[in-house]
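Note sheet for the following structure.
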């Protein structure tokens, strides 16, 4: 993570994010008896990371719906994205320790006693793990360029193009999560929480997009959208 000249407000925000994340993960770890130790860390960080991702993606559409300026980058949206990436990377690391005794390569390759012509896993288990790994790596890249220096170096337009790849993450992460719900027969509570988060993300993106199109049409027609709603 690259954060230079961080303001006091952002330092407080990151501290709150860090403490809140630790409290939630520890609370789930101590209260759950259904999963292994690594499983508890994996599941709690996964859902917490998804919550922060949904919030980060909702800030832009919410600004549009409220008639507020929607800059190329805002520190609030950037910071939620940073913590979503941190939690995603943590989830990836601990998640690869849940099965196979820490031999994480078997998440992506078939076991020796189940040889295949193509050794790379292409079953649902392999596919969802590739989706998870790809989204985590992409989020790492986005986190590393979430700073003012990268905006200046890449220019705002190119930087924004990179940041829009977060929408690809918004597709891969839910797919990864949904497949795991079926593979591991998760309890209804987890399924309901996942469905709620995905639905909230879709609703916010759709309503924000519709509002954006209307504002753009008014702008092209020479009408001030902020005055005429």
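Residue numbers (our numbering): 3 to 231. All C-beta atoms in this analysis are idealised placements derived from N, C-alpha and C, irrespective of residue type, glycine included.
Residues of its chain near residue i, where Cβ-Cβ distance is below 8 Å and the 5 sequence neighbours each way are ignored
i	result
residue 74	153, 158, 161, 162
residue 72	62, 65, 66
residue 183	192, 193, 196
residue 6	Its pLDDT being 46, under 50, residue 6 is placed unreliably in this model, and the coordinates cannot settle the point.
residue 50	23, 26, 27, 89
residue 164	143, 144, 147, 156
residue 30	42, 45, 46
residue 106	98, 99
Own chain residues within Cβ distance below 6 Å of residue i, not counting five before or after
i	result
residue 196	179
residue 150	none
residue 181	126, 130
residue 11	none
residue 48	93
residue 134	178
residue 55	86
residue 102	108
7 Å CB neighbourhood of residue i in its chain, flanking five on each side removed
i	result
residue 67	209, 210, 213
residue 142	87, 91
residue 229	Confidence at residue 229 is low in this model, with a pLDDT of 47, below 50, so its placement is unreliable and no value can be given for it.
residue 112	118, 121, 123
residue 138	90, 91, 94
residue 80	148
residue 15	81
Bridge partner(s) assigned by DSSP for residue i
i	result
residue 122	111
Burial state of residue i (16 or more Cβ within 10 Å)
i	result
residue 13	exposed
residue 46	buried
residue 98	buried
residue 205	exposed
residue 42	buried
residue 109	buried
residue 231	Reliability of the predicted coordinates at residue 231 is poor, the pLDDT of 41 falling under 50, and no value is obtained from them.
residue 189	exposed
residue 145	buried
residue 199	buried
residue 21	exposed
Those runs of the alpha helix (DSSP H) which lie wholly inside the stretch 170 to 222 and span at least 4 residues
List check, alpha helix (DSSP H) in window: 190 to 222.
Are the stretch 33 to 41 and the stretch 169 to 178 touching by the rule of at least three beta carbon pairs closer than 8 Å?
Because the criterion of three Cβ pairs below 8 Å is not met, the stretch 33 to 41 and the stretch 169 to 178 do not touch.
Taking only runs that begin and end inside the stretch 15 to 85, name each unbroken alpha helix (DSSP H) of 4 or more residues, in chain order.
If we require 4 residues or more, the alpha helix (DSSP H) runs fully inside the stretch 15 to 85 come out as 39 to 67.
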